Structure formats: structure tokens, C-alpha cells
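Structure first, then comments.
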Amino acid sequence: MQNNIVLKILGSGLLAACLGLTGCDNKKPEDHSSHNAESTVKRTIVFGTTVGDFGDMVKFSIKPILERKGYEVKLTEFTDYVQPNLALAEGSIDVNIFQHKPYLDTFKQERKLDLTPVFQVPTAPLGIYSGRLGKLDEAKQGMTVSVPNDPSNFARALVMMDELGWVTLKDNINPLTASERDIQENKYDIKLVQLEAAQIPRARNDVDFAIINGNYAVSSGVDLTTALYKEPSFAYVNWGVIRTKDIETPWAKDIIAAYNSDEFKAYSHKTFAGYKWPANWNENQPTNTTSAEDKHEQENSTEEVAK
-18 MQNNIVLKIL
-8 GSGLLAACLG
2 LTGCDNKKPE
12 DHSSHNAEST
22 VKRTIVFGTT
32 VGDFGDMVKF
42 SIKPILERKG
52 YEVKLTEFTD
62 YVQPNLALAE
72 GSIDVNIFQH
82 KPYLDTFKQE
92 RKLDLTPVFQ
102 VPTAPLGIYS
112 GRLGKLDEAK
122 QGMTVSVPND
132 PSNFARALVM
142 MDELGWVTLK
152 DNINPLTASE
162 RDIQENKYDI
172 KLVQLEAAQI
182 PRARNDVDFA
192 IINGNYAVSS
202 GVDLTTALYK
212 EPSFAYVNWG
222 VIRTKDIETP
232 WAKDIIAAYN
242 SDEFKAYSHK
252 TFAGYKWPAN
262 WNENQPTNTT
272 SAEDKHEQEN
282 STEEVAK
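If you use our numbering, the sequence shown corresponds to residues -18 to 288, in order.
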């Protein structure tokens, strides 16, 4: 009897020890789900831009804004227009800023990439600058106008000259792909001097007027505010682009908020005089006569940014 009591006591003690120390393998595993979720929150954002103004925007304004939110911000600067989209699609960067929407649409269709534009950025606009002639009303028969020789920017130059009444383009053409074949009337018998876009600022004194891409104007020291006419269309304002699957992520929303913050707007106003502002800022001044079509395009751009 006594031995049975001792065995029962020992058995009870061992059972208690088992339950207290190990649960005898019946203890439920600790729930690490909240810890795991916390550890996978993205805290490093890698930007990809072309060298110049878009990289400066990240370094001097966007990076400090996001760092205050607890992010580590890295920047990769590219020297071509192909790698930024490939790097984004492959995941080596998280967002790129360098391109307008027509370029993105064509590129992602050709490469079958699932990328989406989510915010506009201040963009140096295409403009007409003085060469040997200093005012638009000095336009004359046989004048020379330098234009970019790549198809996309050549089309933009033709559309600008059509807006000025220097040439008349055929009805119902696609303005994004306009070519010399689409000129119905050349009012001034203009001689188009096609050059590499980067060379045009240096060749201004060899022509009567020069149509210069904004980025090359800036890099060549040309004051954007001296443009005689600026492209009114919002089709070529540049965008920040991300992978479509990341649109609803907190970090993507924080990037969008940073680019639309009062702090970034103030930095842009101070640093990038003469730029075209994002449509949804509603701050662009009508430097040219804006057609109903251009106003409609601006409204569409604003709606797309808001999506």
C-alpha cells in the first residue's frame, strides 16, 4: 500500500514536471505569424533614374522624405532608356523615373512587361528656342529649324510647328507618329535640319530656330524660361513607374505621397523653373494658347494620376 502511494506521488510529480517544462509534447507551438509579418515589411526602396534632374529629385528631396518614414533609400542611375524598365521588371529596382507614357506603352508591349505608371514628375518640356531669329513673329520664308532626328521627338516637333501655324498636318493622323509625309502644307517652306537631339543646343547659331528637348536644354545650360514656345501637351510628361503587382503596397503609396507632398513641390518650384508640373498639381500656367484638345488631355492625365 505504502509503495503504491509513493509510486502515485512520484507519478504525479513527474506528470506535473512534464506539463510544466515541456507539456509532454502536447504544448501548442508559439505563434510567430505576427513576428514574421513584421519582419517581411519592406523598408528598403531602390529607385532607378537617368542621370540628372530625376536623380537629383530623389537624392535631395524624395530620399529625406522617405527616410523620415523609416525607409532606407537607394538610387541606381542609368545612362540609357532600356535598362531601367528591364531592371524594374526583374526586381533589381522598385520604381523608375525617366520616361513618358508613349515610350512606356510601346516598350512594355514589345517586351511583355507588367509595369504601371503611377505618378507624374516635374518634366523639362520640349521647346522652341531662338537661333539667328529671336522672336516667333520673325518667322520667314525659307527659314531653317533644327529638329530631333529620332521618330518620337521629330513627331513632337512637327506637332508644335502645326500648333504655331508654321505647317499644317493632315487630318486624322496619329500625332505620336507624325512624319514628313503627314505635312499637308509647309507655309514658310521651312528647311528642317534633323540632328541628334543632344547636338541641337550647340547648333542654335547655325539655324533660325531650334526645337530642343528639355533634358538636353538643361544639361547644356539653356534657361528653360527663355523658350519662345513650350509643348502644351501632357502626353510627354514623365512618370514614376512600378510593377503592377506592387500598386497597393504601403511603400508604393508612400512614394506617391512623397512626390505629391508640399515639401517636394516647394523643392521643385525652387530648383526646376520652367518645368512642366504634374497635371494633378493644377499649377501649370498657360504659357501658350491651349486648345480644347490639350485641355481634355490634361484632364485625362489628372484622372490617371488619381487612379
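Just so it is clear, CB atoms sit at the ideal spot from N, CA and C, and this is done for glycine as well.
All figures in this text were calculated on a predicted structure; none of them were measured in a lab.
Can you say whether residue i is buried or exposed, counting buried as having 16 or more other CB atoms within 10 angstroms of its CB?
i: Gly123; result: exposed
i: Glu25; result: Correcting the residue identity first, residue 25 is Thr in this sequence and not Glu. Exposed, since its Cβ has fewer than 16 Cβ neighbours within 10 Å.
i: Phe100; result: buried
i: Ile46; result: buried
i: Ser214; result: buried
i: Asp75; result: buried
Could you please give the first and the last residue of the uninterrupted alpha helix (DSSP H) stretch that includes residue i?
i: Asn196; result: 195 to 200
i: Ser133; result: 132 to 145
Go ahead and pull the three-state DSSP assignment for residue i.
i: Glu53; result: strand
i: Gln165; result: strand
i: Tyr217; result: coil
i: Tyr256; result: coil
i: Ile236; result: helix
i: Leu114; result: coil
i: Gln122; result: coil
i: Lys172; result: strand
i: Leu205; result: helix
i: Ala159; result: coil
i: Pro10; result: For Pro10, the pLDDT reaches just 46, beneath the cut-off of 50, and the residue's location in the model is therefore unreliable, although a value from the coordinates is still provided. Pro10: coil per DSSP, three-state reduction.
i: Ile26; result: strand
i: Ala178; result: helix
i: Ala191; result: strand
i: Thr355; result: As shown, the chain starts at -18 and ends at 288. That puts residue 355 outside it, with no answer to give.
i: Lys211; result: strand
Using C-beta distances below 7 Å, list every residue in its chain close to residue i, excluding the 5 sequence neighbours before and after it, in chain order.
i: Thr3; result: Unreliable placement is indicated for Thr3, whose pLDDT of 41 sits below 50; the coordinate value is still reported in the next sentence. Taken in chain order, the list of residues that qualify is empty.
i: Ala159; result: Ala136, Leu139, Val140, Leu150
i: Ser242; result: Ile46
For residue i, which residues from the same chain have a beta carbon less than 8 Å from its beta carbon, with the 5 sequence-adjacent residues on both sides left out?
i: Val39; result: Phe28, Thr30, Val54, Leu56, Ile78
i: Val32; result: Glu58, Phe59, Thr60
i: Pro98; result: Lys82, Leu85, Trp220, Gly221, Val222, Glu285
i: Thr104; result: His81, Gly195, Tyr217, Val218, Asn219, Tyr256, Lys257
Start and end of the beta strand (DSSP E) containing residue i?
i: Pro129; result: 125 to 129
i: Ser111; result: 108 to 111
i: Val148; result: 148 to 150
Cutting at 6 Å between CB atoms, please list the residues of its own chain near residue i, excluding the five before and the five after it.
i: Tyr217; result: His81
i: Pro231; result: none
Point to revise | Sequence ranges, alpha helix (DSSP H) only - wholly within the region 33 to 100, length at least 4 | key: 34 to 38, 44 to 48, 64 to 71, 82 to 92
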